[in-house]
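Report on the structure given below.
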Amino acid sequence: MDRYYGRQIVVPKIDAITAGLKIRPCFINDVCQRCGQINHYILPNQQFYCKACFILGRVSSLDVMLSLPEPNHFSNQVELTWKGQLTKQQNRVSNALLKTFSKNGEHLVWAVTGAGKTEMMFPLIYMALKQSKRVAIVSPRVDVIVELAPRIQEAFMNTDLAVLYGDQNEAYQYTPLVLATTHQMLNFRAAFDLMIIDEVDSFPYAGNQMLEYGVEKARKQLSTLIYLTATPTKKLRKKSNAGLIATSYLPLRFHQNLLPEIVTKTINDWRKKLPTKCLKQLQTFYKNQQRFLIFVPKVADTKTLCKVIKSHIPEMKGDFVSASDDLRQEKVESMRQENIQYLVTTTILERGVTFPGIDVIIFGAEEDTFTENALVQIAGRVGRSKERPTGLVQAYVQHINFKILAAQRQIKSMNKKGRMLKNQL
Amino acid sequence: MICLLCQTKKYESDTLLQVLGLKKVLERPICDDCNNQFAAIFTSCKGCGRHQGNNQLCTDCVRWQIDGKRLLQHRALYQYNDAMKLFMQRYKFYGEYAIRHVFNRKLKDLVKSRDTDMVVPIPVSYHTLMTRGFNQTIGLFENVRLTDLLVTIKSSKQRQSKFSRYDRLNREQFFMIENKTAVIGKDITLVDDVYTTGMTLYHAADILYQAGAKNVKSCSLAR
């Protein structure tokens, strides 16, 4: 029975339904009760299904939803097994979050990439779990979830953690701590007392009504909502400026160093022939055994560019990865394990992932795939360890445009604030 | 054009003949990449439409003849490969009714080439209709004029694909004809989504012959 707590599970009307469950219709006034959208696809016999949330399994007018109210059946024997120390600024943010939590409010944490956002959450999560509250940490990105999972589990070793995302085989279990993609929130109903959304500004969550509805519905009416991001959307920034949402700002990375700035170099068409400038750079990387990521605008580019690099420097171990790759997690993992020296990737790895001490190359930075925020995030992959707090962010462009300048300006302005904060210390 | 299967946007250019209006512009439902994953059947067994090097009867069909059946002269468009398996999974088990259009035109042509009096789809059970919400065969052959003559007898809850070959061959008749007079002396094409062992179609053919049909052939999307 506990798999129904705070969930809504879709079953055909005609099947036998266990007694004691709350039965809800799937559509009220034509609105899908899972995703809040009206997007019907017509079936024979005046039936229909919802096209908007089809990817999570079909909801049709032939089905009903089963659920049980969230009872918070958790023990409050919680231990924070994370033994790290928060910096002074991190502590300040963390305390502000605790204050928001006590008021069931909303809070925006606007911290630069590599500020240690996850660690700042630990005291808050600990506090919530101690009160037997149910906690969800969600993100639009699968890669973020996959990377967060071991870190969260390590911090709360004695607490059950459920990790939910699209193509994963583990069955759902009722746990106090849930780590999931934003899509998975559609399967919940009034379940969470504390909801933390990491990388709120990223695709596909930003501006997606269905996912926003899903997250809103998955949390209880009286609950706390925390947004985490390094690059808030305009909407959030406006809300924050107008004072409608409590905001904590952190312009310094956890190791107190500034963000690396994006360096641009103009080159010829790199899709035709790998320019000598780039090759020289790659050879330097190979000589120094410097690990690096290469970002390209299109999925098709990942394979071809990787091939070209291998033809020039066959001894250097590397791979390519994109969203449609079956071995996506494995390849990222082998980069993390330092089995390969480089990875050619699309914007899927722009955020939420940490490979300590890497450098970054961006090919075709002027193309539309790389937005201003994406470029800032990509630059944020560099210098994420104490041992090597700086690094190279090299953008190869055929021409410079406003977007690149805006990204450079954004980093500079954050660094300016960071420098001021540093001087105060 | 947005591909029905992979949802990516593809641009296609018309040929000169199409621009001049000498050739009809046909809107294609899926992109080349998706289309190439399906393996068409060219030469096949003349009894069951199985893909093979020649058009001789395969061992299965010889067995049917020994069992005393009149062969269905089955024809199918595609082999049941991984891509087709995935398509069927999406269409039938996930219930994505929208992708029924993918093979509509080709199936219409196939049925037309059989040139018979009436086209009869294989029915689904009441339970399937209430969970899936549609008859997959009727969906696939949507723009063909179908005569829905057959009904299932037992509302057997288990799906065909969960049975082994032995189980399937030894099941009792599971179809019934609603209007027996309609089939007397008729040339009939039976249509189904997939031909696996042929059991379903031979059961349906049996009952049609019993009711007085002159000749029963069949076709399906996959074999």
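So the sequence lines, in the order shown, correspond to chains A and B.
When we follow the numbering used here, the leftmost residue of the first sequence carries the number 14, and every step to the right adds one.
When we follow the numbering used here, the leftmost residue of the second sequence carries the number 310, and every step to the right adds one.
Just so it is clear, CB atoms sit at the ideal spot from N, CA and C, and this is done for glycine as well.
As assigned by DSSP and simplified to three states, the class of residue i
i       : result
P402(A) : coil
V159(A) : helix
V395(A) : coil
S145(A) : coil
S3(A)   : There is simply no residue 3(A) to check, as chain A begins at 14 and stops at 438 in what is shown.
T490(B) : helix
L455(B) : coil
D28(A)  : coil
I55(A)  : strand
D314(A) : helix
A511(A) : Chain A is shown only over 14 to 438; residue 511(A) falls outside these bounds and no answer can be derived.
A513(B) : helix
D332(A) : strand
V371(B) : helix
A65(A)  : coil
A408(A) : strand
T533(B) : The displayed coordinates of chain B run from 310 to 532. Any statement about residue 533(B) would go beyond what the structure contains.
G19(A)  : coil
S261(A) : strand
Residue i versus residue j - alpha carbon distance
i       : j       : result
G521(B) : A491(B) : 9 Å
Y403(B) : F347(B) : 20 Å
K466(B) : I27(A)  : Confidence at K466(B) is low in this model, with a pLDDT of 48, below 50, so its placement is unreliable and the value that follows should be read with caution. Going from the Cα of K466(B) to the Cα of I27(A) covers about 12 Å.
T382(A) : L111(A) : 37 Å
T100(A) : G365(A) : 21 Å
I311(B) : Y406(B) : 17 Å
Q21(A)  : C357(B) : 46 Å
F305(A) : N108(A) : 36 Å
L449(B) : D502(B) : 7 Å
E451(B) : D515(B) : 25 Å
P310(A) : Y18(A)  : 42 Å
T440(B) : T126(A) : 48 Å
D496(B) : K415(B) : 21 Å
L326(B) : D338(A) : 39 Å
T260(A) : L207(A) : 17 Å
L161(A) : V77(A)  : 34 Å
A203(A) : I55(A)  : 30 Å
Q411(A) : I275(A) : 15 Å
P57(A)  : N104(A) : 59 Å
Y435(B) : N444(B) : 10 Å
K130(A) : Q269(A) : 14 Å
Q102(A) : A128(A) : 10 Å
V420(B) : D391(B) : 25 Å
C-beta contact flag for residue i and residue j at 8 Å
i       : j       : result
I413(A) : E379(A) : yes
P82(A)  : R147(A) : no
F205(A) : L93(A)  : no
Y178(A) : Q166(A) : no
Q306(B) : T352(B) : Missing from the structure shown is residue 306(B); chain B here goes from 310 to 532 and no further.
V500(B) : P430(B) : yes
Q407(A) : Q303(A) : no
S152(A) : D214(A) : no
I424(A) : L272(A) : yes
I10(A)  : E119(A) : Outside the modelled stretch of chain A, which goes from 14 to 438, sits residue 10(A), for which no answer is possible.
A385(B) : I350(B) : yes
M427(B) : T446(B) : no
A243(A) : V389(A) : yes
L34(A)  : L79(A)  : yes
L192(A) : I158(A) : yes
A336(A) : T359(A) : yes
C370(B) : C343(B) : no
C48(A)  : L199(A) : yes
Cβ distance (whole Å) where residue i is taken to contact residue j below 8 Å
i       : j       : result
S529(B) : Y504(B) : 5 Å
I375(A) : I391(A) : 6 Å
Y355(A) : I307(A) : 6 Å
I353(A) : K330(A) : 5 Å
L121(A) : P264(A) : 14 Å between Cβ atoms; not a contact.
A513(B) : L459(B) : 6 Å
R394(A) : V373(A) : 5 Å
T498(B) : R423(B) : 5 Å
Residue i beta carbon near the ligand ZN (any heavy atom closer than 7 Å)
i       : result
A407(B) : Absence of the ligand ZN from the depicted structure is noted, as is the absence of any ligand whatsoever, leaving it without description.
- Entirely within the region 316-365 of chain B and at least 4 residues each: give me those alpha helix (DSSP H) ranges in chain order. Restricting attention to alpha helix (DSSP H) runs no shorter than 4 residues, the region 316-365 of chain B encloses them at 325-328, 341-344, ordered along the chain.
- Item | Residue ranges of each alpha helix (DSSP H) within the region 264-291 of chain A, 4 or longer | Listed in chain order, there is nothing to give.
- Return the residues of the region 434-449 of chain B that lie within a Cβ-Cβ distance of less than 9 Å from chain D, sorted by chain order. As a matter of chain content, chain D is missing from the structure shown, whose protein chains are A and B.
- Jot down the residue ranges of each uninterrupted alpha helix (DSSP H) in the region 98-139 of chain A, minimum 4 residues, whole runs only, in chain order. List check, alpha helix (DSSP H) in window: 101-115.
- Could you give the uninterrupted runs of the alpha helix (DSSP H) lying entirely in the region 152-224 of chain A, keeping only those of 4 residues or more? Qualifying alpha helix (DSSP H) stretches, in chain order: 155-168.
- Mind pulling the beta strand (DSSP E) runs of 3 or more residues that sit fully within the region 352-378 of chain A? Whole beta strand (DSSP E) segments, 3+ residues: 355-358, 372-376.
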